[in-house]
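First residue of the sequence shown? That's 531 in this note's numbering, and the numbers climb one at a time after it.
Glycine included, every Cβ here is placed at the ideal spot set by N, Cα and C.
Take a look at the structure below.
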Amino acid sequence: MRHVLLILLCTVLVTGQIEAQGDFDRWFDGRTLRIDYHRIGNRANDTIELVRYVEKATEWAGPRTVLIDPFDNGDYRVSLIDVETGRTIYSHCYNTLFREYRDTKEGSYKSRTFEEVLLIPWPKLKADIMLEKRDNRQRFRQQATFRFDPRESLVEHVTSTASTQLNLEMNGIPEHKLDIVIVPEGYGPGEERRIRTDLQNFAEYIFGHEPFKNRRTDFNVTGLMLTGAESGVTNPALGHTVQSALGSTYGVFGSDRYLMTFNLFRLHDLLDAVAFDHIVIMAAASKYGGGAIYNFYATVSTDRMAPLILTHELGHSIGGLADEYVDDDLSYNCMHSSHVEPTEPNITSLVDFDTKWKEMLPPDTKVPTAANPDIPATECGPMGCYEGAGYKGKGMYRPCMHCMMRDYAPFCPVCNKRLNDIFDFYTK
Ligand SMILES: [Zn+2]
Ligand SMILES: [Zn+2]
Numbered sequence: 531m532r533h534v535l536l537i538l539l540c541t542v543l544v545t546g547q548i549e550a551q552g553d554f555d556r557w558f559d560g561r562t563l564r565i566d567y568h569r570i571g572n573r574a575n576d577t578i579e580l581v582r583y584v585e586k587a588t589e590w591a592g593p594r595t596v597l598i599d600p601f602d603n604g605d606y607r608v609s610l611i612d613v614e615t616g617r618t619i620y621s622h623c624y625n626t627l628f629r630e631y632r633d634t635k636e637g638s639y640k641s642r643t644f645e646e647v648l649l650i651p652w653p654k655l656k657a658d659i660m661l662e663k664r665d666n667r668q669r670f671r672q673q674a675t676f677r678f679d680p681r682e683s684l685v686e687h688v689t690s691t692a693s694t695q696l697n698l699e700m701n702g703i704p705e706h707k708l709d710i711v712i713v714p715e716g717y718g719p720g721e722e723r724r725i726r727t728d729l730q731n732f733a734e735y736i737f738g739h740e741p742f743k744n745r746r747t748d749f750n751v752t753g754l755m756l757t758g759a760e761s762g763v764t765n766p767a768l769g770h771t772v773q774s775a776l777g778s779t780y781g782v783f784g785s786d787r788y789l790m791t792f793n794l795f796r797l798h799d800l801l802d803a804v805a806f807d808h809i810v811i812m813a814a815a816s817k818y819g820g821g822a823i824y825n826f827y828a829t830v831s832t833d834r835m836a837p838l839i840l841t842h843e844l845g846h847s848i849g850g851l852a853d854e855y856v857d858d859d860l861s862y863n864c865m866h867s868s869h870v871e872p873t874e875p876n877i878t879s880l881v882d883f884d885t886k887w888k889e890m891l892p893p894d895t896k897v898p899t900a901a902n903p904d905i906p907a908t909e910c911g912p913m914g915c916y917e918g919a920g921y922k923g924k925g926m927y928r929p930c931m932h933c934m935m936r937d938y939a940p941f942c943p944v945c946n947k948r949l950n951d952i953f954d955f956y957t958k
């Protein structure tokens, strides 16, 4: 079933310019700096314009021991460079809605403006905030740099949007947990009871499958009590326009079931008083829809498939995993080129298989591995290197016959390992 269009991009390795730096207290004071900016452009080119710095109302909720992104996934990176020493003191990779837009037909000729938001630890001293994107050889290239001076830079505060928080699963302080916040979308006035029930259900769904189930105590989950002016979600195909809380819409980039919001500034305003690492937007809609972008957010509708879809989407938004299924119609086909090694851990073009799951394969495994249609769809089957992944029927390979990222089987060993590594990153 094709659902959400994913995102994550192709890439290989990064430049080795970043030094490891573990001393959080030396460089950071514990506050959270939010950076709002516009990304403006199309396939050929895009530029970045800083909109504002915001002091988020909550302390830094992310990892404090590993400050340099160890996963090298995603097509974009933010780095913080201490001005006096020139040291890179923080970095974080992510993907964006723009990355998908630029591969659409419209994105090939028409420029469009996207809101993007970054959360980084607040530097004690003057620092340069460097934004990078991958070039077509998959190396990060600088796009923009903003100087941040904690004594002089103009910093704003969010004053408007208080809304009640519900603690759905609390297992410890945010800096030692993977913190997920669930944001209701499409609920109207008077629907508080329904929100509360749906939030509790979604919080349970998160732990419905491994490896989430087994790592439950490594998570905190909170929910917002949030209603819009009207109930429902905008669907242009039906001519429905709804004044919903986040202004999400079906039909994003021409895909009927792709349900996302472009209002990142508003989303983060609403979350100002919530400490979180990852956002799940819970859309009240019986029509299947959703989407997820690595270190950006995930949207899942509350239809009957939600327990499985949410797990799959968290594979994208938290794990940075690629879809392992084939979809020749997908308008994003150029996302995964067979000529370079994708950055996602669970697909390979075999250009650089050594960097993927090669060492996890049993000895004498043939690469590529012949498909085995006898493996039931409820299990992954033996590890190998099976052709057909990342939407492509040819030239892209996956680790097992079945996986949550392909057909809602359990996560394959490669996806499972990456998710556990990421859970460790947030909690150790
Ligand atoms: Zn997917
Ligand atoms: Zn997998």
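C-beta contact flag for residue i and residue j at 8 Å
i    : j    : result
D679 : K656 : yes
W652 : D559 : yes
F795 : D566 : yes
G769 : G716 : no
H846 : Y824 : yes
P714 : A775 : yes
T885 : E874 : no
G820 : R948 : no
A814 : D728 : yes
I811 : T829 : yes
C945 : M935 : yes
A805 : D709 : yes
Helix, strand or coil at residue i [DSSP, three-state]
i    : result
Y956 : helix
E797 : The sequence shown places Leu at residue 797, not Glu. The answer is helix: DSSP assigns L797 an H, G or I state.
C623 : strand
S861 : In this prediction, S861 has a pLDDT of 41, which is less than 50 and means its spatial position is unreliable; what the coordinates show is noted afterwards. DSSP places S861 in coil when its eight states are reduced to three.
I742 : Before going further, note that residue 742 is Phe rather than Ile in the sequence given. Of the three classes helix, strand and coil, the one that applies to F742 here is coil, per DSSP.
M926 : strand
V685 : strand
R787 : coil
Q551 : Below a pLDDT of 50, predicted positions are generally treated as unreliable, and Q551, at 41, falls in that range; the measurement from the model is reported next regardless. Coil.
V856 : strand
G821 : strand
N950 : helix
E760 : coil
R664 : strand
E889 : helix
V542 : Residue confidence is low: V542 scores 30 on pLDDT, short of 50, so the model does not pin down where it sits. No coordinate-derived value is stated.
DSSP beta-bridge partners of residue i
i    : result
P912 : Its beta-bridge partners do not exist; DSSP assigns none.
S831 : A813
L610 : Y620 and I659
V751 : E699 and I710
I650 : L563
G644 : What sits at residue 644 in the sequence shown is Phe, not Gly. Its beta-bridge partners are R569.
E917 : Y927
R808 : Per the sequence shown, the amino acid found at residue 808 is His instead of Arg. Note: H808 sits in a beta bridge opposite I710.
T895 : BP columns for T895 are empty, so no partner.
E715 : A813
N603 : In the DSSP output, where bridge partners are listed per residue, N603 has none listed.
Residue i Cβ short of 7 Å to ligand 1 heavy atom set
i    : result
D853 : yes
H846 : yes
H739 : no
H808 : no
H529 : The question about residue 529 has no answer, for the chain in this structure spans 531 to 958.
H842 : yes
Residue i, enclosing alpha helix (DSSP H) - first and last residue
i    : result
D566 : Run containing D566: none in the alpha helix (DSSP H); it sits in the beta strand (DSSP E), F558 to G571.
F732 : E722 to I736
R936 : M934 to D937
Residue i, enclosing beta strand (DSSP E) - first and last residue
i    : result
I578 : D576 to K586
I703 : That residue, I703, is in no beta strand (DSSP E); it is neither H nor E in DSSP.
L838 : Looking at the DSSP string, L838 is not in any beta strand (DSSP E); the run it does join, the alpha helix (DSSP H), is A836 to S847.
T675 : F670 to F678
beta-carbon residue i near ligand 2 non-hydrogen atom, thresh 7 Å
i    : result
F941 : yes
P929 : yes
V647 : no
M935 : yes
V944 : yes
Contact test: residue i Cβ vs ligand 3 heavy atom, cutoff 7 Å
i    : result
N876 : No copy of ligand 3 appears in this structure; the ligands present are ligand 1 and ligand 2.
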